[in-house]
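Undergrad: Chains as they are written, first to last, in the numbering used here: chain D, 12 to 219; chain X, 3 to 133; chain V, 2 to 96. Glycine is no exception: its CB is placed at the ideal position from the N, C-alpha and C atoms. Here the structure is a predicted model, which is why all the values come from computation and not from measurement. Pasting in a structure now, in structure tokens, and then I'll have a few things to ask.
Listed below in structure tokens is the structure:
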């Protein structure tokens, strides 16, 4: 279950006996000024932090697992991800438009945002640091095969690699290849196989 | 890593804005950026978690103040060196401050006063601790 | 604004090789490159306007374009790059 963080007195942990970094000074000053001006409130900040804390790749994994198991859901999901997820009973109205790209035996997809670092947070939680790094953003569009090897993923030469650069406001995520016999496996087992990295495209799911 | 691929011509490189990183490996090497992709994941520092929340709140559709496009634009206004050297949140914090001043959420004067206040408080605590 | 789609799926398009120092969502590595329209994504908020004024926002048509890796970078890599690009940044290539 997601952890609820206590966010009272957020400045105390920073004003310990060490020099504040420029970033820390900026954050404290910006936050205080915005609070003083009523642009944001402390409860709103707390709520936002709790929302972020509750977002993780397990949500994305549960959706992928269901798609692996249920062919009809998979079609619906690929056709219109937000609608299909909403039909499951989730409120994704605040989520930006989402596109899910399907891996196949000879097609491997990977996602990047070279211009900033757009990422499907509602599905996968906050992005890992490397996703935002200059190195990833610079290299994945030019040398995807090489970058994937660095992530431990060596694809056969006949597997085509597609890199999706999220240049507009659509977010992308990958539907990794399901294991053989996924349709008859338990969905909670399937969920444990779907890794965050496989939904970005720098990895593949765990073996059953 | 040299091969017979097409190289961007020099004038195109000059045209490039700091955030526009796709394919520009040579540029990272020139600035001494480690191009190996470190997969270490450290927990966010508290100030980064709060910066993240501020960023999301300010760009949220409901707020309508600073839309995501203006935020991105502000986060692009760095020279190459700063863009590469600043951490993600340090960059965004600077961008948010600049945009708030531009959008008159607060004035530059108000910002400088507040900043000084924060600096003085942290100094006071630091000196208090060392007594 | 009536939704008139300039490019059809399958149309080969060239990304305009224009230097712009203002906010725009076209990466330099794709400027001047040729790709194929794979999907029309409808009208979206124009970030080039919205980035500068919350009043002067408009919409612009967006397309998903597929670029062969080889045609962008040279070499022999088996792969493609997809990007979502605005109509105003694309022009038809007559094959």
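In terms of residue numbering, what span does the beta strand (DSSP E) encompassing residue 62/V cover?
TA: 60 to 69
Undergrad: Any idea what DSSP makes of residue 83/V, helix, strand or coil?
TA: strand
Undergrad: Starting from residue 120/D, follow its DSSP beta bridges and name the residues at the other end.
TA: 173/D
Undergrad: Look up residue 74/D in the DSSP assignment and say whether it is helix, strand or coil.
TA: helix
Undergrad: Quick check: the segment 163 to 178 of chain D against the segment 16 to 34 of chain V, are at least 3 beta-carbon pairs closer than 8 angstroms?
TA: yes
Undergrad: Closer than 8 angstroms by beta-carbon distance: list the chain V residues that pair up with residue 24/X, in chain order.
TA: Close to residue 24/X, with beta-carbon spacing below 8 angstroms, are these residues of chain V in chain order: 28, 29, 30, 31.
Undergrad: Scan the segment 103 to 124 of chain X for residues whose Cβ lies nearer than 8 angstroms to a Cβ of chain D and list them as they occur along the chain.
TA: 107, 108, 112, 113, 116, 117, 119, 120, 121, 123, 124
Undergrad: Counting along the chain, where does the beta strand (DSSP E) carrying residue 13/V start and finish?
TA: 13 to 16
Undergrad: In terms of residue numbering, what span does the beta strand (DSSP E) encompassing residue 38/D cover?
TA: Premise fails: residue 38/D lies in the alpha helix (DSSP H), 33 to 47, not in any beta strand (DSSP E).
Undergrad: Please report the straight-line C-alpha distance between residue 64/X and residue 50/D, rounded to a whole angstrom.
TA: Caution applies to residue 64/X, whose pLDDT of 49 falls short of 50 and renders its modelled position unreliable; the value that the coordinates give is listed next. Their Cα atoms are separated by approximately 12 angstroms.
Undergrad: Taking the alpha-carbon positions, what's the residue 155/D to residue 144/D distance?
TA: 15 angstroms
Undergrad: Let me know the secondary structure DSSP gives residue 23/V once reduced to three states.
TA: coil
Undergrad: Terminal residues of the continuous beta strand (DSSP E) containing residue 91/V?
TA: Per DSSP, the unbroken beta strand (DSSP E) holding residue 91/V starts and ends at 91 to 93.
Undergrad: Cα separation between residue 29/X and residue 159/D?
TA: 21 angstroms
Undergrad: Quick one: give me the first and last residue of the beta strand (DSSP E) that residue 215/D is part of.
TA: It is not in any beta strand (DSSP E) - residue 215/D carries neither H nor E in the DSSP assignment.
Undergrad: Tell me the rounded alpha-carbon separation between residue 44/V and residue 62/X.
TA: 20 angstroms
Undergrad: Would you say the beta carbon of residue 35/D comes nearer than 7 angstroms to a heavy atom of the ligand ZN?
TA: Absence of the ligand ZN is noted for the structure shown, with no ligands found whatsoever.
Undergrad: Tell whether a beta-carbon distance below 8 angstroms holds between residue 17/V and residue 32/V.
TA: yes
Undergrad: Does DSSP classify residue 36/V as helix, strand or coil?
TA: strand
Undergrad: Among 48/D, 112/D, 194/D, 94/D, whose alpha-carbon lies nearest the alpha-carbon of residue 212/D?
TA: 112/D
Undergrad: Kindly indicate the opening and closing residues of the alpha helix (DSSP H) around residue 132/D.
TA: 132 to 135
Undergrad: For residue 84/V, return the contacting residues in chain D, with the cut-off set at a CB-CB distance below 7 angstroms.
TA: 176, 178
Undergrad: Among residues of its own chain, excluding the 5 on either side of residue 86/X, which ones have a beta-carbon nearer than 8 angstroms to its beta-carbon?
TA: 20, 30, 33, 35
Undergrad: Taking residue 43/X as the reference, which of 78/D, 81/D, 139/D has the closest Cα?
TA: 139/D
Undergrad: So residue 20/V contacts chain X; which residues on that side make the cut at Cβ distance below 7 angstroms?
TA: 17
Undergrad: If I'm right that residue 205/D touches residue 123/D with Cβ under 8 angstroms, what's the distance once you round it to whole angstroms?
TA: In fact, because the Cβ distance is near 20 angstroms, the residues do not count as touching under 8 angstroms.
Undergrad: If we define contact as Cβ-Cβ less than 8 angstroms, is residue 214/D a contact residue for chain V?
TA: no
Undergrad: Residue 21/X touches chain D at which residues, Cβ-Cβ below 7 angstroms?
TA: 126, 127
Undergrad: According to DSSP, simplified to helix, strand and coil, what is residue 44/V?
TA: strand
Undergrad: Would you report the Cα separation of residue 116/D and residue 170/D, rounded to the nearest angstrom?
TA: So the two alpha carbons sit approximately 7 angstroms from each other.
Undergrad: So which residues of chain D does residue 63/V contact, with C-beta pairs closer than 8 angstroms?
TA: Correct list: 179.
Undergrad: Hey, does residue 61/X have any beta-carbon neighbour from chain D nearer than 8 angstroms?
TA: Taking Cβ atoms only, chain D never reaches closer than 8 angstroms to residue 61/X, which makes this a no.
Undergrad: Residue 218/D: buried (16+ other C-beta within 10 angstroms of its C-beta) or exposed?
TA: exposed
Undergrad: Nearest chain X C-beta to residue 139/D closer than 8 angstroms, yes or no?
TA: yes
Undergrad: By the three-class DSSP mapping on this structure, what secondary structure does residue 235/D have?
TA: Since the displayed chain D opens at 12 and closes at 219, residue 235/D lies outside it and no answer follows.
Undergrad: Using only the alpha-carbon positions, how far apart do residue 6/X and residue 128/D sit?
TA: Here the model assigns residue 6/X a pLDDT of 35, short of 50, so the residue's position is not dependable, and the following value carries that caveat. Cα-Cα distance, rounded: 29 angstroms.
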